[in-house]
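Just below is one structure, and these are the notes that go with it.
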Amino acid sequence: MGSESRTSIETVVEGGVKTAMKVRKKTTCTSTSDICGRLEVLVKAESRIKRLASRLDCSEKQSAKEDNLVQELKEELERQKQRVAELEAQQRGNEGPRVGRNDVEIPDWLAQVSEQKGVPGEDLRLFINREKEGRRKFTNYDNLKSDIADLFESQPPEFWVKGIGDLPNRWATVVDNCGDYIVD
């Protein structure tokens, strides 16, 4: 193998290492276009390795510098492939299943558990009933107005007066307990 071919091989290897090192410096790659760009660079680096391998004459002894450069390029290529795979997995991991409002049902045991933990039963039943009714959409302003009127008429006026009157005490309890609503 002549000195000209060794020089061209060294040039290819050094160029591949420099390209791989440039890609390695870009560690904050999150978008799909960044991932595609990295993949293109990796494909180019891999093709340089293949060209280098085809040019090398396996029967002749290669210099230690060429061996080191080739090995370094291969290792860098593997690191970049692994990083791209991690980024793609991370991007897929951020996509959670979509759950609609109608997909979530309130189980019967929820009322029992909540009452045991100190949430007043009348409040819980009021909110659960309103949540079930709240799943439908209002077609016009009059329907909304009548439903709000029905909500306030569903309980006696004393219920609303007592609830509003108890709010300062409830909030004082929450503040005194550093945000804990339920005191054991």
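In UniProt numbering, the protein residues as written are 1 to 184. The beta carbon of each residue, even a glycine, is placed where N, CA and C say it ideally should be. Computed from a predicted model, the values in this text were never measured in an experiment.
Check: Less than 8 Å between the CB atoms is what I'm expecting for V70 and L39, so what's the real figure, rounded?; Outcome: Between L39 and V70 the Cβ distance is about 21 Å, and since that is not below 8 Å, they are no contact.
Check: Taking DSSP as the reference, what is the three-state secondary structure of F138?; Outcome: coil
Check: Check S47 in the structure and name its three-state DSSP category.; Outcome: helix
Check: So L87 packs on I49, CB below 8 Å; how close in whole Å?; Outcome: At roughly 22 Å, the Cβ-Cβ gap does not stay under 8 Å, so L87 and I49 are not in contact.
Check: Take the Cβ of E158 as the centre, count every other Cβ of all protein chains shown within 10 Å, and call the residue buried at 16 or more, exposed below.; Outcome: exposed
Check: Under a three-way DSSP split, which group does S154 fall into?; Outcome: coil
Check: Does the beta-carbon of L42 have 16 or more other beta-carbons within 10 angstroms, so that it is buried, or is it exposed?; Outcome: buried
Check: In whole angstroms, what is the alpha-carbon distance linking S146 and N140?; Outcome: 10 Å
Check: So is Q91 buried or exposed if we call it buried at 16+ other beta carbons inside 10 Å?; Outcome: exposed
Check: Can you look up G179 in the DSSP assignment and give me helix, strand or coil?; Outcome: coil
Check: Would you kindly work out how many angstroms separate the C-alpha atoms of Q155 and A149, rounded to a whole number?; Outcome: 11 Å
Check: Please state if the CB of F152 and the CB of L144 are separated by a distance shorter than 9 Å.; Outcome: no
Check: Express the C-alpha separation of L77 and E66 in angstroms, rounding to a whole number.; Outcome: 16 Å
Check: Please report the straight-line C-alpha distance between residue 196 and S47, rounded to a whole angstrom.; Outcome: Only positions 1 to 184 of the chain appear in the structure, and residue 196 is not among them; the question remains open.
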